[in-house]
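Engineer:
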Amino acid sequence: SYLVELNLEGGRNWIFFALFTTFASDIAAFFVGRALGRHRLAPRISPSKTWEGAIGGIFGAIAVSLFFTIPTPLGLPLGYGQAVLLGLLVSVF
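For the sequence shown, the working numbering gives the first residue as 3, with consecutive numbering after it.
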């Protein structure tokens, strides 16, 4: 077996970014969908998904991605616009 060691600056933080924004999107979509969900997103495919939950998931991912712009040990070299765009991309895809 081979070990390829990559030295990406802040690599661990990028992994945390991907995981935390994905978790935040899922959790926010669930709770917002349960609390406010009225309009079904795709009833034949997944009957319990709602538009409100999807929008809540997007905002949850964006909120967590903005957290990563704060200069902390988990901070990433992102501007606010980049963080919003990445949060949107993570939540949609």
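Glycine included, C-beta positions come from ideal geometry on N, C-alpha and C.
(1) Can you tell which of Leu43, Leu68, Gly81 has its C-alpha closest to the C-alpha of Phe19?
(2) Between which two residues does the alpha helix (DSSP H) carrying Arg42 extend?
(3) Which stretch, first to last residue, makes up the beta strand (DSSP E) that contains Thr74?
(4) The beta strand (DSSP E) spanning Pro49 covers which residue range?
(5) Buried or exposed, going by whether 16 or more other CB atoms sit within 10 Å of the CB of Phe70?
(6) With distance defined between alpha-carbon atoms, name the residue in Leu87, Asn15, Gly62 nearest to Ala30.
(7) Taking C-beta to C-beta, are Leu138 and Ala26 nearer than 7 Å?
Structural biologist: With the given structure in hand:
(1) For the purposes of this step, residue 19 is identified with residue 17 of the sequence shown, where counting begins at 1. Per the Cα distances, Leu68.
(2) Walking along the sequence shown from the start, residue 42 turns up at place 40. Where Arg42 is concerned, there is no enclosing alpha helix (DSSP H), although the beta strand (DSSP E) it sits in stretches over 42–44.
(3) Here residue 74 refers to the residue found at position 72 of the sequence shown. Run containing Thr74: none; DSSP gives neither H nor E here.
(4) Numbered from 1 along the sequence shown, position 47 holds the residue referred to as residue 49. Residues 48–52.
(5) In the sequence shown, counting from the first residue as 1, residue 70 sits at position 68. The residue in question, Phe70, is buried, as its Cβ has 16 or more Cβ neighbours within 10 Å.
(6) Here residue 30 is taken as the residue at index 28 of the sequence shown, counted from 1. For the residues Leu87, Asn15, Gly62, the minimum Cα distance to Ala30 belongs to Gly62.
(7) In this structure the chain extends from 3 to 95, so residue 138 is not present and cannot be described.
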